[in-house]
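In the UniProt record's numbering, the protein residues as written are 1 to 293.
Quick reminder that beta carbons are idealized off the backbone N, C-alpha and C, glycines included.
From a predicted model like this one, the values you see are computed outputs, not experimental measurements.
What follows is one structure encoded as structure tokens, with my remarks underneath.
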Amino acid sequence: MGIDYYNILKVNRNASDEDLKKAYRRLAMIWHPDKNTNKQEAEAKFRQISEAYDHLSQNGYAVEVLERFCTMNNDNNLSMDRYSLASAITACAGIASLELGEQIFARATIIGVDSDQVIATSLIDFYCKCGLVRNGQKIFDQITKFDEVVWNSMLVGYTTNGFGVEALALFQEMRGVNVTPNEVTFTAVLSTCDHCGLVEEGKKWFYIMKNEYCINPGIEHYSCMIDLFARAGCLKESIDLIDEIPFQSDATMWSAVLERIIELDPRNFGALVQLSGVMASTGDWKESALARH
1 MGIDYYNILK VNRNASDEDL KKAYRRLAMI WHPDKNTNKQ EAEAKFRQIS EAYDHLSQNG
61 YAVEVLERFC TMNNDNNLSM DRYSLASAIT ACAGIASLEL GEQIFARATI IGVDSDQVIA
121 TSLIDFYCKC GLVRNGQKIF DQITKFDEVV WNSMLVGYTT NGFGVEALAL FQEMRGVNVT
181 PNEVTFTAVL STCDHCGLVE EGKKWFYIMK NEYCINPGIE HYSCMIDLFA RAGCLKESID
241 LIDEIPFQSD ATMWSAVLER IIELDPRNFG ALVQLSGVMA STGDWKESAL ARH
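In structure tokens form, the structure reads like this:
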């Protein structure tokens, strides 16, 4: 399980494209960095909102942002700031357009904002989503890193591209220079532990997240840990953790556990029936039928 993008945009899971667009525009206006005194918080929120819309709107966000960028680029009366350039680069990441993204970065270089952290963070995200992790790493190594946002961008890039060793090493480096990790940081770290099968490492960071940094685990953190336990065959730990969740668990959590039980014991018909019910509850009737047979 990843980040709950519906919750970020404050929309229902059956929201239409028009609903998503309205939610994005409203929240982007509220959290635009130029309209907030706490620019660091606003920048992080603005990027989070843009990413959520990008994931949910079937590239609607990317098209809309790039159309706006082209309008600004062709109209000398419209100023182009670092946020519009960063949004355009992020949009290129959403559609994996390497050539266009690099053209926009060239424009940022021309107007002298290429070393800006907002631009650099978007560029790291862009290269990593295009699969060019080393390009993103090169940008990361060259810039001054003021806060956790740019660290998170590189960390998530490593995680999503399967660079588990590099991700955990970067996290340790981040802590070593006293940059405080946040919820996004720990989602990436726990996801890395999950995909690398590092049970003890995952348990350690989950504990530290709660007790050292006082971060209440969200659904994405619980999901990573439950899947980590299930993959490792630690089914009791998975079920115990589901029972500890202070909010309603979702079907994906239970399916991870039940699928592992069935893998270990294909004749466990009780688990098969339960898995079928879980799939049906999500509307996945095809998988529900397959589970029963």
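- Between the beta-carbon of residue 221 and that of residue 241 there is about 10 Å, and that puts the pair past the 8 Å contact cut.
- In this structure, DSSP gives residue 150 a helical state, which the three-state scheme calls helix.
- In the pairwise beta carbon analysis, the region 22–29 is classified as touching the region 42–53: at least three pairs are separated by under 8 Å.
- Minimum Cα-Cα distance from residue 195 among the listed residues 178, 84, 226 corresponds to 226.
- Residue environment for residue 17: exposed (fewer than 16 other C-beta atoms within 10 angstroms of its C-beta).
- Between residue 152 and residue 184, the C-beta gap is smaller than 8 Å, which places the two residues in contact.
- When secondary structure is reduced to three states using DSSP, residue 204 falls in the helix class.
- Secondary structure remark: continuous alpha helix (DSSP H) runs of at least 4 residues inside the region 187–237, in chain order: 199–211, 219–231.
- Put simply, of 42, 137, 130 the residue whose alpha carbon is nearest the alpha carbon of residue 120 is 137.
- Inclusion of residue 129 and residue 96 in the CB contact set at 8 Å is warranted, their separation being smaller than that value.
- Secondary structure note for residue 135: its alpha helix (DSSP H) is the uninterrupted segment 133–142.
- Scanning 117, 116, 123 for the CA closest to the CA of residue 98 turns up 123.
- By alpha-carbon distance to residue 116, the top candidate from 178, 160, 43, 132 is 43.
- When 233, 104, 101 are compared, the shortest CA-CA separation from residue 197 is found for 233.
- Counting other Cβ atoms within 10 Å of its Cβ, residue 29 stays below 16 and is therefore classed as exposed.
- When secondary structure is reduced to three states using DSSP, residue 7 falls in the helix class.
- In the DSSP assignment, residue 90 falls within the unbroken alpha helix (DSSP H) covering 82–94.
- Taking 8 Å as the cut-off, the Cβ atoms of residue 4 and residue 11 do not count as close.
- Around residue 140, the same chain offers 124, 154 as residues with beta carbons nearer than 6 Å, after the five sequence neighbours per side are excluded.
- Annotation: residue 53 to residue 14 spans about 14 Å, alpha carbon to alpha carbon.
- Rounded to whole angstroms, the gap between the alpha carbons of residue 238 and residue 230 is 6 Å.
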